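Reviewing the structure listed below.
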């Protein structure tokens, strides 16, 4: 995949997500935060090797990758939240199920 196509695909994805998030924000009351697990590289120089990186590569520690994106939407009031008893079914998942789910999400 070319760098140009990566940029196009990323913009297409952001357009889809932006539309969905806009609708979601309008439906939510209280404080809402939009975030992600990490950022991406789009041609930034990698140090100490003088090459450029794209997307998210293992073992690279640069601010665009390690700084978690964080946006707080404007709000006029905070929703009251409360803690619930944790769902024990999550703790009972076997290792094979966990590994399978992580793999399907691209983490393995």
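In the numbering used here, the protein residues as written are 994 to 1101.
Backbone N, C-alpha and C fix where the C-beta goes; we use that ideal spot for every residue, glycine too.
These figures come from a predicted structure and were not determined experimentally.
Tell me whether the beta-carbon of residue i lies closer than 9 Å to the beta-carbon of residue j.
i, j, result
"residue 1022", "residue 1076", "no"
"residue 1062", "residue 1014", "no"
"residue 1058", "residue 1032", "yes"
"residue 1096", "residue 1065", "no"
"residue 1101", "residue 1092", "yes"
"residue 996", "residue 1036", "yes"
Below 7 Å CB to CB, which residues in the same chain sit around residue i once its five sequence neighbours on both sides are set aside?
i, result
"residue 1056", "none"
Apart from the five residues just before and just after residue i, which ones in its own chain have a Cβ nearer than 8 Å to its Cβ?
i, result
"residue 1029", "1061 and 1062"
"residue 1078", "none"
"residue 1072", "1022, 1023 and 1024"
At 4 residues or longer, what runs of the alpha helix (DSSP H) sit wholly inside the stretch 1022-1088?
List check, alpha helix (DSSP H) in window: 1056-1059 and 1081-1084.
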